[in-house]
Structures are given as C-alpha cells and as structure tokens.
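> In the numbering used here, the protein residues as written are 356 to 421. Beta carbons: idealized from backbone N, C-alpha and C, even for Gly. This structure is a prediction, so every number in the text was calculated from the model and none was measured.
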C-alpha cells in the first residue's frame, strides 16, 4: 500500500526553494520583493476528514501563497 503524505503537512525545505524559484521567474516579480512567509492553501475540511478516515487522496493541489 502506498503511503500518502497527510494533506496538512508543512512544506519541505526543497518545496519552499522550488516555490521561491517559480515566483522569482514570474514576470511580476520585483527584485526588491521580500518573502516573509510561504505557506499552503489548506484543503477543504471534508477532504481532510475523508483522507483521515478512508485514505481518500486529496485531489486539489495545494497551491503556495506568498
């Protein structure tokens, strides 16, 4: 059985670095932009309960917000 990460897990250091790289590549990025926090939009509560109780994967991707 495949072990899925919990949908409320924090981002890893590698995931944070990747998010910063993606944001810096965006045309809207300004060199004086400061990253004070990088976090995720939490999935719907019902999706988290379905994951916890039945192992149902959370379909919607967790999008970083900055």
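#1: Have a look at residue 409 and residue 403 and give me their C-alpha separation to the nearest angstrom.
#2: Assign residue 366 to one of three DSSP states: helix, strand, or coil.
#3: Using only CA atoms, which one of 367, 360, 381, 361 lies nearest to residue 393?
#4: Express the C-alpha separation of residue 414 and residue 372 in angstroms, rounding to a whole number.
Short version:
#1: Residue numbering aside, residue 409 sits at position 54 when the chain shown is read from its first letter. Residue numbering aside, residue 403 sits at position 48 when the chain shown is read from its first letter. Cα to Cα, residue 409 sits roughly 10 Å from residue 403.
#2: Walking along the chain shown from the start, residue 366 turns up at place 11. Coil at residue 366, not helix or strand.
#3: Here residue 393 refers to the residue found at position 38 of the chain shown. Closest option to residue 393, Cα to Cα, is 367.
#4: The residue given as residue 372 occupies position 17 in the chain shown. The residue given as residue 414 occupies position 59 in the chain shown. Near 23 Å, if we compare the C-alpha coordinates of residue 414 and residue 372.
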